[in-house]
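Colleague:
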Amino acid sequence: MLAYIARRLVLILPTLFGIMVVNFVIVQAAPGGPVELMIARIKGTAVEATARVGSAGGEMSGQAGAVTAKYRGARGLDPELIRQLEKLYGFDQPAYVRFFQMMRRYAVFDFGQSFFRDRSVIALIMDRLPVSISLGLWTTLLIYLVSIPLGIGKAVRDGTAFDVWTSGFIIVGYAIPGFLFAILLIVLFAGGSFVQWFPLRGLVSPDWHQLAWPARVADYLWHVTLPVVSLVVGGFAGLTMLAKNSFLEEINKQYVITARAKGLTRARVLYGHVFRNAMLLVIAGFPAAFIGILFTGALLVEVIFSLDGLGLLGFEAAINRDYPIMFGTLYIYTLIGLVLNLISDLTYVMVDPRIDFASRKV
1 MLAYIARRLV
11 LILPTLFGIM
21 VVNFVIVQAA
31 PGGPVELMIA
41 RIKGTAVEAT
51 ARVGSAGGEM
61 SGQAGAVTAK
71 YRGARGLDPE
81 LIRQLEKLYG
91 FDQPAYVRFF
101 QMMRRYAVFD
111 FGQSFFRDRS
121 VIALIMDRLP
131 VSISLGLWTT
141 LLIYLVSIPL
151 GIGKAVRDGT
161 AFDVWTSGFI
171 IVGYAIPGFL
181 FAILLIVLFA
191 GGSFVQWFPL
201 RGLVSPDWHQ
211 LAWPARVADY
221 LWHVTLPVVS
231 LVVGGFAGLT
241 MLAKNSFLEE
251 INKQYVITAR
261 AKGLTRARVL
271 YGHVFRNAML
281 LVIAGFPAAF
291 IGILFTGALL
301 VEVIFSLDGL
311 GLLGFEAAIN
321 RDYPIMFGTL
331 YIYTLIGLVL
341 NLISDLTYVM
351 VDPRIDFASR
361 KV
């Protein structure tokens, strides 16, 4: 097992490098960039920030034309100013040089400074991380607490009225995205058109630091209820059906029939034998579910409830072409995802000791 863990840890490095290369190439090929955005801000034409022209120097001549031809909206600006902007954002060097310099810094977790926020990337991430972790942990925990018992109940009562009625709720969960359900919750419970039982903005109240600890906990739970409920409703359906189908597949296997023939109780068969095997698929989906909720699934919910999380930070960085934040968060997301995949494999062994990863080549 230790040899397998060592191999997986070594494989993290080329996988992480490959993902960064692909995304760096895509971002470089996309229109717009920090230089274009700054030019647009200087000239007061922000719409120009997302358009790059390969050759617009037909009407230009000399050094000025060579410098400004790369950027739409740069006409009329001092070429020296354009060169200073390129040097400021590192675009005075070839793309491959910028990439390897970036990866060298990232290897020691130096993510640099934001282009437009005048703060370090790591400081911005640390500020937003508690919000995303709160949403991700609570949502993942509640989804599993709801989905696994419900999936088991549907499997053992397959075809009954309970299975049919609960399938209706699952269809609703499939059909309504989390952000749309969040809007419905605001309309119903946050002062939209009916009652105002819950706050609409933020993760805590402005005077949270002045409250006693019991009041702080209550205030935090009061604020986090609607965002978490909207994410749970939007995410429990798939896991419930996965748990149900996994149990149905195991219940019909020969070892279950044999266990029942030996006189074992229903609970002993279900939770002593079937549960261990059926939960393998559910555990396999945990890293992807957690990463999705933590970094991407909560994006629109963060916007709706004005929560400054990592999803909103990454979205704003993409819109503003803030490359240090974009690539810094991508690096951290990818690294966490790869580590969680390894943890998922180790959890397999905890659930079913018969699995032996040490005999695998990878």
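Quick note on numbering: the numbering used here labels position 237 of the sequence shown as 237, and the sequence is numbered without any gaps. For glycine and all other residues, C-beta sits at the position ideal for the given N, C-alpha and C.
So, does the region 300-310 touch the region 217-227, judging by three or more C-beta pairs under 8 Å?
Modeller: The answer is yes - the region 217-227 touches the region 300-310, with three or more Cβ pairs under 8 Å.
Colleague: Going by other Cβ atoms of all chains shown within 10 Å of its Cβ, with 16 needed for buried, is residue 322 buried or exposed?
Modeller: The residue is buried, with at least 16 neighbouring Cβ atoms inside 10 Å.
Colleague: For the alpha helix (DSSP H) holding residue 261, just list the boundary residues, first then last.
Modeller: Note, residue 261: alpha helix (DSSP H), 254-261.
Colleague: Of the residues 332, 311, 334, 260, which one's Cα is nearest the Cα of residue 135?
Modeller: Taking only the C-alpha atoms, the option nearest residue 135 is 311.
Colleague: Do three or more CB pairs link the region 171-180 to the region 224-240 at distances below 8 Å?
Modeller: Output reads yes: the region 224-240 touches the region 171-180.
Colleague: Which residues does DSSP list as the beta-bridge partners of residue 190?
Modeller: In the DSSP output, where bridge partners are listed per residue, residue 190 has 196.
Colleague: State the DSSP-derived secondary structure class of residue 120, mapped to helix, strand or coil.
Modeller: It is a strand residue.
Colleague: Within 10 Å of its beta-carbon, does residue 128 have 16 or more other beta-carbons around it, so buried, or fewer, so exposed?
Modeller: That one is buried.
Colleague: Closer than 8 Å is the cut-off here; do at least three beta carbon pairs connect the region 234-253 with the region 327-344?
Modeller: Counting Cβ pairs under 8 Å, fewer than three are found: no touch.
Colleague: Roughly how many angstroms separate the alpha carbons of residue 155 and residue 124, rounded to a whole number?
Modeller: About 45 Å.
Colleague: Note down, in chain order, each residue of its chain lying with its Cβ closer than 6 Å to the Cβ of residue 328, except the 5 sequence neighbours on either side.
Modeller: Correct list, in chain order: 111, 121.
Colleague: Distance, Cα to Cα, residue 279 vs residue 30?
Modeller: Between residue 279 and residue 30, the C-alpha separation is close to 42 Å.
Colleague: Give the DSSP-derived three-state secondary structure of residue 93 in the structure shown.
Modeller: Three-state DSSP puts residue 93 in coil, outside helix and strand.
Colleague: Have a look at residue 185 and residue 32 and give me their C-alpha separation to the nearest angstrom.
Modeller: Residue 185 and residue 32: Cα-Cα distance of roughly 37 Å.
Colleague: As an exercise, report each continuous alpha helix (DSSP H) stretch of at least 4 residues that is fully enclosed by the region 309-334, in chain order.
Modeller: Within the region 309-334, the complete alpha helix (DSSP H) runs of at least 4 residues are 310-319.
Colleague: Return the residue from the list 98, 7, 247 that minimises the CA-CA distance to residue 25.
Modeller: Answer by Cα proximity: 98.
Colleague: What residue from 202, 201, 183 has the CA that sits closest to residue 193's CA?
Modeller: Of the candidates 202, 201, 183, the one whose C-alpha sits nearest the C-alpha of residue 193 is 183.
Colleague: To the nearest angstrom, report how far apart residue 55 and residue 36 are at their CA atoms.
Modeller: In this predicted model, residue 55 has a pLDDT of only 33, less than 50, meaning its place in the structure is not dependable; the value taken from the coordinates is given anyway. Approximately 15 Å between the Cα atoms of the pair.
Colleague: I'd like the span of the alpha helix (DSSP H) that includes residue 8, first residue to last.
Modeller: Start and end: 2-29.
Colleague: Just to confirm my understanding: we take residue 62, look at its own chain, exclude 5 residues before and 5 after, and list those with CB closer than 6 Å. What are they?
Modeller: Bear in mind that the predicted position of residue 62 carries a pLDDT of just 41, short of 50, making it unreliable; the figure below should be weighed with that in mind. None.
Colleague: If you draw a straight line from the C-alpha of residue 52 to the C-alpha of residue 148, how long is it?
Modeller: Note that residue 52 has pLDDT 37, beneath the 50 cutoff, so the model's placement of it is unreliable and no number is given.
Colleague: Which residues in the same chain have their Cβ closer than 8 Å to the Cβ of residue 189, if we skip the five residues on either side of it in sequence?
Modeller: These residues qualify, in order along the chain: 195, 196, 197, 198, 226.
Colleague: Would you decide whether residue 104 is buried or exposed? Buried here means 16 or more other CB atoms lie within 10 Å of its CB.
Modeller: Counting Cβ neighbours within 10 Å, residue 104 comes out exposed, since fewer than 16 surround it.
Colleague: Whole alpha helix (DSSP H) runs in the region 138-185 with 4 or more residues, listed along the chain?
Modeller: The qualifying runs are 161-175.
Colleague: For residue 330, is the beta carbon positioned less than 7 Å from some heavy atom of the ligand HEM?
Modeller: The ligand HEM is absent from the structure shown, which contains no ligands of any kind.
Colleague: To the nearest angstrom, how far is the alpha carbon of residue 207 from that of residue 169?
Modeller: Looking at the two C-alpha atoms, the distance is approximately 38 Å.
Colleague: Figure out for me which residue from 334, 152, 173, 318 has the closest Cα to the Cα of residue 247.
Modeller: Cα-wise, what sits closest to residue 247 is 152.
Colleague: For residue 34, I'd like the list of residues in its chain whose CB is within less than 6 Å of its CB, leaving aside the five on either flank, ordered along the chain.
Modeller: Within the same chain, residue 34 has close Cβ partners 89, 115, 321.
Colleague: Mind reading off the beta-carbon distance from residue 282 to residue 269? Whole number of angstroms is fine, and I expect it under 8 Å.
Modeller: Actually they are not in contact, since the Cβ atoms of residue 282 and residue 269 sit about 18 Å apart, beyond 8 Å.
Colleague: Based on DSSP bridge pairs, tell me the residues matched to residue 101.
Modeller: Looking at the DSSP assignment, residue 101 forms no beta bridge with any residue, so it has no partner.
Colleague: Relative to the C-alpha of residue 333, which residue among 15, 8, 7, 253 is closest?
Modeller: When each option's Cα is compared against that of residue 333, the closest is 15.
Colleague: Can you give me the Cβ contacts of residue 272 inside the same chain, cut-off strictly under 6 Å, excluding the 5 residues immediately before and after it?
Modeller: Here the set comprises nothing.
Colleague: List the DSSP bridge partners of residue 113.
Modeller: In the DSSP output, where bridge partners are listed per residue, residue 113 has 120.
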